[in-house]
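Residue numbers (the numbering used here): 539 to 761.
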């Protein structure tokens, strides 16, 4: 119930303040498991995506967002879980496996799972190499992948910090990708890379971003 109420309130504010342009919404299946895979340019991408998609969208988030103490901590925990975030300790030695298994569970329950294949926010607005977790998920579950692009959210919240500003936002969805031709090959690293690169190619076409063939974490560390 809290999720419905929060989405109604925030959705109304978003439409009034931003008038987001949404393209290709009909490409998201109305039922069954689906992976939404897109670029990540600022902290509030997940919020915008969850508000425009009709079905509930679930994401992986850092558990530190829901473990705060006091009134502020409880409010943050309520907000993030109500917007579809599933807390996972991603900093531990098994963080990647935990995130992968959580995504698999969401999809096996027939829900919508949102993921940013880059693994982190872009440090400079360009699109970086995708990690193969997205490929493992689609091959393990058979869920189709709908690529998407967030355009303009980096102008709403530059650097992922501070109060959101008013700026034009476009959210663009591409054609669903079916990788059933690779059924049973979720441990083949060449297949995993090919699937991931195909998804990222579609995201690049949708977003218009310059592509950089290194991981965003490496680029961030170098900067």
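A virtual CB, placed ideally from N, CA and C, is assigned to each residue, including glycine.
Taking only three categories from DSSP, how would you classify residue i?
i	result
residue 576	strand
residue 738	helix
residue 749	strand
residue 542	helix
residue 711	strand
residue 600	strand
residue 610	helix
residue 763	As displayed, the chain neither begins before 539 nor continues past 761, which places residue 763 out of reach and without an answer.
residue 591	coil
residue 561	strand
Would you tell me roughly how many angstroms separate the C-alpha atoms of residue i and residue j, rounded to the nearest one?
i	j	result
residue 750	residue 691	20 angstroms
residue 757	residue 696	18 angstroms
residue 541	residue 726	39 angstroms
residue 684	residue 732	16 angstroms
residue 660	residue 579	5 angstroms
residue 648	residue 572	8 angstroms
residue 635	residue 604	20 angstroms
residue 606	residue 612	7 angstroms
residue 566	residue 741	15 angstroms
residue 596	residue 734	20 angstroms
residue 714	residue 754	25 angstroms
When you compare the CB positions of residue i and residue j, do they come within less than 9 angstroms of one another, or not?
i	j	result
residue 664	residue 748	yes
Q.
Please give the ranges of any beta strand (DSSP E) in the region 612-689, keeping only runs that are unbroken, at least 3 residues long and fully inside the region.
A. Secondary structure remark: continuous beta strand (DSSP E) runs of at least 3 residues inside the region 612-689, in chain order: 623-626, 650-653 and 683-689.
Q. How do the region 599-611 and the region 545-559 stand: do at least 3 beta-carbon pairs fall below 8 angstroms, yes or no?
A. Too few Cβ pairs lie closer than 8 angstroms, so no.
(Q) Would the region 651-659 count as touching the region 577-594 if we require 3 or more Cβ pairs under 8 angstroms? (A) The region 651-659 vs the region 577-594: in contact.
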